[in-house]
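Under the working numbering, the sequence shown is numbered contiguously, ending at residue 568.
Contents: one structure, followed by commentary.
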Amino acid sequence: MLCVRCKGRLLCGKSRCPILDAFKTRNVSLGEIDENPTPPSVFVGRIGYPKVFAGPMLVLGNENPELFENPSLYSKRVEDVLALRMGLARTYRQFSVQSALNPDRTLMELQEIAGSIRNVEVEGKYERIVRKPALDDIMMPSGISAVFRDIRLTSNPKIPAKVEKVSDDEIKAVQAVRMLHDHGFSTSYIQRVMSVGMLGIEKKLVPTRWSITAVHDIIAESLKREIADFPEVGEVLLFSYEHYGNHFEVILYPSSYFFQLVEVWIEKSLWSPERTWVGSDREGIGKKREYSELSGGYYAARLPVVEYLHKIKRQAGAIVLREIRPEYSAPLGVWVVEEGVRKALESKPERFDSVQQAIARAESRLKTKRSLWERHITLSTQTSLDQFLGNSSPQPSR
Numbered sequence: 171m172l173c174v175r176c177k178g179r180l181l182c183g184k185s186r187c188p189i190l191d192a193f194k195t196r197n198v199s200l201g202e203i204d205e206n207p208t209p210p211s212v213f214v215g216r217i218g219y220p221k222v223f224a225g226p227m228l229v230l231g232n233e234n235p236e237l238f239e240n241p242s243l244y245s246k247r248v249e250d251v252l253a254l255r256m257g258l259a260r261t262y263r264q265f266s267v268q269s270a271l272n273p274d275r276t277l278m279e280l281q282e283i284a285g286s287i288r289n290v291e292v293e294g295k296y297e298r299i300v301r302k303p304a305l306d307d308i309m310m311p312s313g314i315s316a317v318f319r320d321i322r323l324t325s326n327p328k329i330p331a332k333v334e335k336v337s338d339d340e341i342k343a344v345q346a347v348r349m350l351h352d353h354g355f356s357t358s359y360i361q362r363v364m365s366v367g368m369l370g371i372e373k374k375l376v377p378t379r380w381s382i383t384a385v386h387d388i389i390a391e392s393l394k395r396e397i398a399d400f401p402e403v404g405e406v407l408l409f410s411y412e413h414y415g416n417h418f419e420v421i422l423y424p425s426s427y428f429f430q431l432v433e434v435w436i437e438k439s440l441w442s443p444e445r446t447w448v449g450s451d452r453e454g455i456g457k458k459r460e461y462s463e464l465s466g467g468y469y470a471a472r473l474p475v476v477e478y479l480h481k482i483k484r485q486a487g488a489i490v491l492r493e494i495r496p497e498y499s500a501p502l503g504v505w506v507v508e509e510g511v512r513k514a515l516e517s518k519p520e521r522f523d524s525v526q527q528a529i530a531r532a533e534s535r536l537k538t539k540r541s542l543w544e545r546h547i548t549l550s551t552q553t554s555l556d557q558f559l560g561n562s563s564p565q566p567s568r
């Protein structure tokens with residue numbers, strides 16, 4: 171089941187992914203992208219690193235630019251989101267990742283776009299169009315790409331003063347990320363300004379795909395260190411949510427901090443067309459050192475759980491069950507996971523005497539047999555068998 175592990179990263183050795191090649195872009199001429207708004211949005215590629223291709227993403231047609239980077243405004247149908255995002259063109263030229271230390275005019279304008287909280291008009295001169303869409307398991311999809319010779323902003327960006335201060339200050343990128351998060355900036359915004367080299371002392375361009383996972387990881391690891399001092403939750407809680415063919419069950423139980431994601435890709439789903447695939451990964455309170463086999467989805471699922479525990483000032487063992495169904499017909503990016511788990515935790519929880527009871531309730535909403543995924547669940551080593559089975563009241567672990 172290499173496809174579900176690879177998710178378009180070409181681990182199979184092929185030059186192109188046959189699954190992603192099935193998705194088509196719209197036909198666009200160079201004349202249609204001379205002057206267009208950006209939502210704002212930017213793209214930084216990873217091919218050729220430490221020289222990368224980067225540029226603004228432009229809206230094609232007459233769609234409202236605010237729609238493109240705001241999932242709360244999206245349709246609830248996968249095909250509608252894909253069609254919308256195919257109307258976003260990536261434009262690019264090559265930069266050295268180190269150029270963020272001394273940016274030229276073009277890179278400074280790209281940084282202004284990334285930092286803006288409102289859409290910006292962009293005028294450009296373009297050389298050619300590449301019709302391959304950008305689709306993978308981490309980033310939001312986008313349509314055609316175009317190589318530019320020059321771009322200029324024709325409207326004024328609006329950059330929050332806090333962001334300008336953080337960018338100008340001599341502080342490490344990890345501190346800047348946490349500071350922006352604590353001031354209420356979304357992860358997608360922080361990922362954007364990180365990717366164009368606005369954060370840190372040794373500023374550099376960061377490929378979009380990497381910046382997404384980096385921001386999820388930096389925030390969660392920082393919050394985890396504070397969670398370690400909180401008391402444990404006093405009962406077993408179960409949260410549930412479903413969107414875009416992704417069903418989430420989130421179980422919190424009395425324990426020191428422990429997190430696990432169990433992914434179930436149902437037969438005939440996007441990355442597992444032949445049979446159902448189940449994978450899992452886990453961690454304790456210590457820093458997670460190795461990159462998760464579950465890719466960016468692991469970090470996207472973990473962050474809202476850690477945020478929730480930090481908000482309620484408790485620590486807990488956490489199990490996230492993610493069941494991916496055939497309705498998830500195109501990769502929309504890990505925001506589907508982040509927002510799905512976050513929405514689940516915003517719902518009213520069900521309460522149980524044991525983890526086993528919560529698992530049984532979760533099973534009633536899942537389409538796969540319990541025997542396929544239950545053996546992948548690992549509880550914290552500080553969770554007793556009695557707590558698991560519900561034979562006694564949960565006691566704080568010592």
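Here a beta-carbon is modelled for each residue, glycine too, at the ideal position from N, C-alpha and C.
Looking at C-beta atoms only, is the number of pairs between the stretch 371 to 378 and the stretch 313 to 329 that lie closer than 8 Å three or more? Contact between the stretch 371 to 378 and the stretch 313 to 329 is absent, with fewer than three C-beta pairs closer than 8 Å.
Smallest Cα separation from L228: which of E205, P220, D250 and K246? Here the closest residue by C-alpha is E205.
List the DSSP bridge partners of Q430. DSSP lists R452 and I489 as partners of Q430.
Taking the straight line between their C-alpha atoms, what separation do you get for S567 and P424? The predicted model places S567 with a pLDDT of 35, which falls under 50 and marks its position as unreliable; any figure quoted below should be read in that light. In a straight line, the C-alpha of S567 is about 8 Å away from that of P424.
If we count the other Cβ atoms within 10 Å of its Cβ and call it buried at 16 or more, is R255 buried or exposed? Buried, by the Cβ-count rule.
Just tell me which of I287, F429 and V317 has its CA closest to the CA of A331. Its Cα nearest to that of A331, the residue I287 stands out among I287, F429 and V317.
Within the continuous beta strand (DSSP E) that includes E497, where are the two ends? Run containing E497: none; DSSP gives neither H nor E here.
Can you name the start and end residues of the alpha helix (DSSP H) that D274 belongs to? D274 -> no alpha helix (DSSP H), and no H or E assigned at all.
Beta-carbon within less than 7 Å of S554's beta-carbon, same chain only, minus the 5 sequence neighbours each way: which residues are those? A caution first: S554 carries a pLDDT of 44, below 50, which makes its placement in the model unreliable, though a value can still be read off. None.
Look up E577 in the DSSP assignment and say whether it is helix, strand or coil. One cannot answer for residue 577 here, as it falls past the ends of the chain, which runs 171 to 568.
Determine the direct distance from the alpha carbon of G456 to that of E493, and round the result to whole angstroms. When rounded, the separation of the alpha-carbon atoms in E493 and G456 is 27 Å.
In angstroms with no decimal places, state the Cα-to-Cα distance between D451 and S462. Spanning the two alpha carbons is a distance of roughly 7 Å.
Take D523 as the anchor and find which of E405, S358 and R275 has the nearest alpha-carbon. If we check each option's Cα against that of D523, E405 comes out closest.
Which residue or residues does DSSP assign as beta-bridge partners of D320? According to DSSP, D320 bridges with K295.
Backbone CA spacing between S426 and L407 [nearest angstrom]: Cα to Cα, the separation comes out at about 15 Å.
Could you give the first and the last residue of the continuous alpha helix (DSSP H) run that contains R445? Where R445 is concerned, there is no enclosing alpha helix (DSSP H), because DSSP gives it neither an H nor an E.
K302 - DSSP class collapsed to helix/strand/coil: Note: K302 maps to coil in three-state DSSP.
When burial is assigned at 16 or more other CB atoms within 10 Å of the CB, is L431 buried or exposed? With 16 or more other Cβ atoms within 10 Å, it is buried.
Using only the alpha-carbon positions, how far apart do A284 and Y469 sit? Computed Cα separation, rounded: 23 Å.
Whose C-alpha, out of V251, I436 and F428, is nearest the C-alpha of E453? Distances from the CA of E453 to each of V251, I436 and F428 were compared; the closest alpha carbon is that of F428.
Straight-line CA distance for V376 to A530? Rounded to the nearest angstrom, the two C-alpha atoms are 43 Å apart.
When P303, R319 and N289 are compared against R260, the one with the closest alpha-carbon: Nearest option by C-alpha distance: P303.
Three or more C-beta pairs under 8 Å: does that hold for the stretch 464 to 481 against the stretch 389 to 403? The stretch 464 to 481 makes contact with the stretch 389 to 403; the number of CB pairs closer than 8 Å reaches 3 or more.
In the DSSP assignment, find the unbroken beta strand (DSSP E) run with V478 in it and report its ends. Reading off the sequence shown, one finds Tyr at residue 478, where the question assumed Val. First-last for Y478: G466 to I482, but that is the alpha helix (DSSP H), not the beta strand (DSSP E).
So, for T548: in the same chain, excluding its five sequence neighbours on each side, which residues have a beta-carbon less than 8 Å away from its beta-carbon? The residues are Q430, S450 and R452.
Nearest to S550 by CA position, among A486, K513 and P501, is which residue? The shortest Cα separation from S550 among A486, K513 and P501 belongs to A486.
Return yes when the Cβ of Y262 is within less than 8 Å of the Cβ of F223, no when it is not. When the beta-carbon positions are compared, F223 and Y262 come within less than 8 Å of each other.
Need the endpoints of the beta strand (DSSP E) that S266 sits in, please. Boundaries of the beta strand (DSSP E) harbouring S266: L258 to S266, taken from the DSSP string.
What do you reckon, are the CB atoms on K246 and H413 nearer than 8 Å? Taking 8 Å as the Cβ cut-off, K246 and H413 qualify as a contacting pair.
If you pair each beta-carbon of the stretch 356 to 369 with each one of the stretch 383 to 395, do three or more pairs fall below 8 Å? Contact holds between the stretch 356 to 369 and the stretch 383 to 395, because three or more Cβ pairs, one in each stretch, are under 8 Å apart.
R445 versus E437: straight-line alpha-carbon distance, rounded: So the two alpha carbons sit approximately 4 Å from each other.
Collapsed DSSP secondary structure at L555 in the structure displayed: Low per-residue confidence applies at L555: pLDDT is 44, beneath 50, and the placement is therefore not dependable, though the value from the model is reported in the following sentence. In the structure shown, L555 sits in a helix (DSSP, three-state: H, G or I).
Beta carbon of S465 nearer than 8 Å to that of D307: Taking 8 Å as the Cβ cut-off, S465 and D307 qualify as a contacting pair.
Within 8 Å, strictly: CB atoms of G294 and I203: It is a contact, given that the beta carbons lie within the stated cut-off.
With a cut-off of 8 Å on the beta carbons, I'd call V434 and W543 a contact; round off their distance for me. About 5 Å separates the two Cβ atoms, so the contact holds.
Between K221 and G415, what straight-line distance do the alpha-carbon atoms span, to the nearest angstrom? Taking the straight line from one Cα to the other gives about 37 Å.
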